[in-house]
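Enquirer:
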Amino acid sequence: MNVDQIFSNLRSPALKAPNKTESKKKLLKTLEFIKQNSETVFAEVSKADEGHVDLLFLLAGCSQENVLWWWADSAVRSEAQGKSFFLNKFEFNNTTKEHEILCIYLVKQYYKISIGCSESQFLSQTFDKVFQKHIKPSFQSSVRAVVNGKVRYKTDFDEYDDTPKWKSTKIGCIPAFMWFLKSLDTSTIDQIYLNSIPIILTLVEDYDISFKIVGIDLVSLVASKVNSQVLIKSGVSDLFIQSIDKLLILRRESKGEILLNCSIKCYLDLINIIYQKTPTEITEKLFHLFYTAIIQNLMYTGNEFSYQVAILSNISLLAKTLKINTVRYLRPLIEEIIPIMEIEILGVETVVELQLEATNALLSILQESFPRVDAYVDQIVPALVLCYDSTCHKLNDKLSLIQKLQYKLAEIFTFILSISSPESKKFIDELETVYPNFKQNLVDLSAKNVKVTN
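If you use this note's numbering, the sequence shown corresponds to residues 19 to 472, in order.
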């Protein structure tokens, strides 16, 4: 296999390849060939003008696992370099880092024979060449935003191209771009990050949710690597906040719940980085985040369980961040969570999953808002009892999460008992005349859970 064949085989595959299995085998075979003949391949590539730049670009494009593209899976990634980073971190979050192969090998080999050139210097120099030759031209036809002080504007008025190069023939430039941003040191990122902003915002603002998620990953990456004061002075911090803010409203379409989860986490990271020296602003932004991403979304999501689960799963994190300030949203949250707890399970696993997320969320907000919880005992406890009663039905015996839900209900009940006023405890005792033994059952269940946990 000569260098021309290697380059041809590594070029970005078509999104809709006629024979994906054969195409993937061909790609894997090429990567394996380079791995086994790395020194020979490197020597041949180095003969061409900037051949190492082209090869590193192509290898980097195969080094980021991504569910967007059929060829960027764990098998290709393992051959090309190492650890997963993109969208499927939601599915492969237990993946351990594997040995780094081709990209790092190429870098190390090249900088060793370059007098006075360190690995970081080589990466910096190569990135500039890759960016100018492969990445930037792929985004030329897209409507772009650039930074000028604190103003954002389009640099041209080209008609938007629905199939720009970065979505078609040069789609490998996105994972390659991510690989470089991950690999470059902080000092280099500080110098070049402004050039990356138009590309990142193009991805964030794309109509396709999958590309939005990639853009969010890039926003988080840049924000974590660039000094916060530099981001603020350049106006990029405002651009990032504004762009992610638009994504906090749930999109009721495929991957909409994943987009919401990514957006909430990114927004939270951004405000903690940007406003770390101004706690008051952090609190105000947290209020905005909680109201927009949680309260509003819960109000308008309807009865679609997958979306409700996505929203509820973020409440614990935000409640722990807001602490006692969570009390501002105690009433609306209780009003949204109680109807979920009162749903009859009737042997349906998805109902249990939803109620488990609802009870996790409820416990977290009760713990943070405990001074005001007593006012809502007469609403919470009846719903809790109904939910527990539903879990005890024969139809639910074989559901895998039913015991976990029961333990969570017991934990909530014992917490409420520990902070309830005499009036609230009297109400609970009166409720037991309607649902005999529920109090003792939940207390015993809580004790059993503590024993099992310990």
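Yeah, the Cβ is synthetic: ideal placement off N, Cα and C, and Gly gets one too.
Beta-carbon within less than 7 Å of S382's beta-carbon, same chain only, minus the 5 sequence neighbours each way: which residues are those?
Expert: I333, S334, A337 and K338.
Enquirer: Express the C-alpha separation of K422 and I385 in angstroms, rounding to a whole number.
Expert: Sequence check: residue 385 is Gln here, not Ile. So the alpha carbons of these two residues sit roughly 19 Å apart.
Enquirer: What are the boundary residues of the alpha helix (DSSP H) that includes I342?
Expert: Per DSSP, I342 belongs to no alpha helix (DSSP H) and is neither H nor E.
Enquirer: For C280, does the count of other Cβ atoms within 10 angstroms reach 16, so buried, or fall short, so exposed?
Expert: Label assigned to C280: buried.
Enquirer: Once DSSP output is grouped into helix, strand and coil, what is the label at M19?
Expert: It is coil, neither helix nor strand.
Enquirer: Check whether the stretch 455-467 and the stretch 425-439 touch, using three or more Cβ-Cβ pairs below 8 Å as the test.
Expert: The stretch 455-467 is in contact with the stretch 425-439.
Enquirer: Are there three or more Cβ pairs, one per stretch, closer than 8 Å when the stretch 271-290 is compared with the stretch 247-263?
Expert: Output reads yes: the stretch 247-263 touches the stretch 271-290.
Enquirer: Shortest alpha-carbon distance to Y406 belongs to which of E448, K443 and P454?
Expert: Y406 has its Cα closest to that of P454, out of E448, K443 and P454.
Enquirer: What does the alpha-carbon distance come out to for the pair V248 and L219?
Expert: Cα to Cα, the separation comes out at about 18 Å.
Enquirer: Looking only at C-alpha atoms, which of N27, K416 and S324 sits nearest to L364?
Expert: L364 has its Cα closest to that of K416, out of N27, K416 and S324.
Enquirer: Do the CB positions of S272 and I227 come within less than 8 Å of each other?
Expert: Result yes, Cβ atoms of S272 and I227 sit closer than 8 Å.
Enquirer: Should E40 go down as buried or exposed, given a rule of 16 or more other Cβ atoms within 10 Å for buried?
Expert: By the neighbour-count rule (16 or more Cβ atoms within 10 Å), E40 is not buried but exposed.
Enquirer: So what does DSSP say about K457, is it helix, strand or coil?
Expert: Correct three-state label for K457: helix.
Enquirer: How about V327 and E367: are their beta carbons less than 8 Å apart?
Expert: The answer is no: Cβ separation not under 8 Å.
Enquirer: What does a CB cutoff of less than 8 Å around L419 pick up in its chain, not counting 5 residues either side in sequence?
Expert: Counting only Cβ-Cβ distances below 8 Å, and skipping sequence neighbours, we find E367, V370, E371 and L374.
Enquirer: Can you tell me where the alpha helix (DSSP H) with T377 in it begins and where it stops?
Expert: Taken as a continuous stretch (DSSP letters only), the alpha helix (DSSP H) holding T377 covers E367 to E386.
Enquirer: So what's V240 in DSSP terms, helix, strand or just coil?
Expert: Residue state, collapsed to three classes: helix.
Enquirer: Where L73 and E299 are concerned, what is the direct C-alpha to C-alpha distance, given to the nearest angstrom?
Expert: Between L73 and E299, the C-alpha separation is close to 46 Å.
Enquirer: Taking the runs of the alpha helix (DSSP H) that are 4 residues or longer, which of them lie wholly in the stretch 263-313?
Expert: List check, alpha helix (DSSP H) in window: 274-292 and 297-307.
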